[in-house]
Amino acid sequence: MLDKLANIKSRLARHQFACFISLCILLAMVMTTISLDLYRKSGAIKLDMSRPGYEKVRSKVEKSRDDQPFENSGTLNKAAITDFDQRMSKHRKELKGLGNYDNANISDESLGLSSSPVTP
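If you're matching positions, the sequence shown starts at 142 in my numbering and goes up one per residue.
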């Protein structure tokens, strides 16, 4: 038993780089599998517009003022504070209207997702 263990250690010592590369590839495969599984189980795959077949739908998406990000750099003046307060109060009202932890709050209808499939 000790001879086998010593033999394995000597082989690993001779081929350290190959073992390192093999372990890195194995770790990358495991992490990718886990992340794809989480992506699928979390439901984010339903919201992903970058998937193939959604080119037509992607072109129909319109940006509104609400989609514009708040600038995180620049001057902090009265107008910037007012703009931030207006945006946050709108989101705060929407969140208060949802209520507390209820499964109905994450339904497709409440999230604005249509139940009809999009045909490419």
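Beta carbons are placed, not taken as given, at the ideal position from N, Cα and C, and that holds for glycine.
The structure displayed is predicted, hence computed values, not measured ones.
Reduced DSSP secondary structure (H/G/I, E/B, other) of residue i
{"i": "Tyr262", "result": "There is simply no residue 262 to check, as the chain begins at 142 and stops at 261 in what is shown."}
{"i": "Ser176", "result": "helix"}
{"i": "Glu212", "result": "coil"}
{"i": "Leu143", "result": "helix"}
{"i": "Asn218", "result": "coil"}
{"i": "Leu254", "result": "coil"}
{"i": "Ser151", "result": "helix"}
{"i": "Gly238", "result": "helix"}
{"i": "His232", "result": "helix"}
Span separating the alpha-carbon of residue i from that of residue j
{"i": "Ser151", "j": "Cys160", "result": "12 angstroms"}
{"i": "Gly238", "j": "Ser251", "result": "11 angstroms"}
{"i": "Thr173", "j": "Gly184", "result": "17 angstroms"}
{"i": "Asp114", "j": "Phe211", "result": "This structure gives no information on residue 114, because the portion of the chain shown stretches from 142 to 261."}
{"i": "Ser248", "j": "Leu236", "result": "15 angstroms"}
{"i": "Ile222", "j": "Ser163", "result": "53 angstroms"}
{"i": "Asn148", "j": "Ser176", "result": "37 angstroms"}
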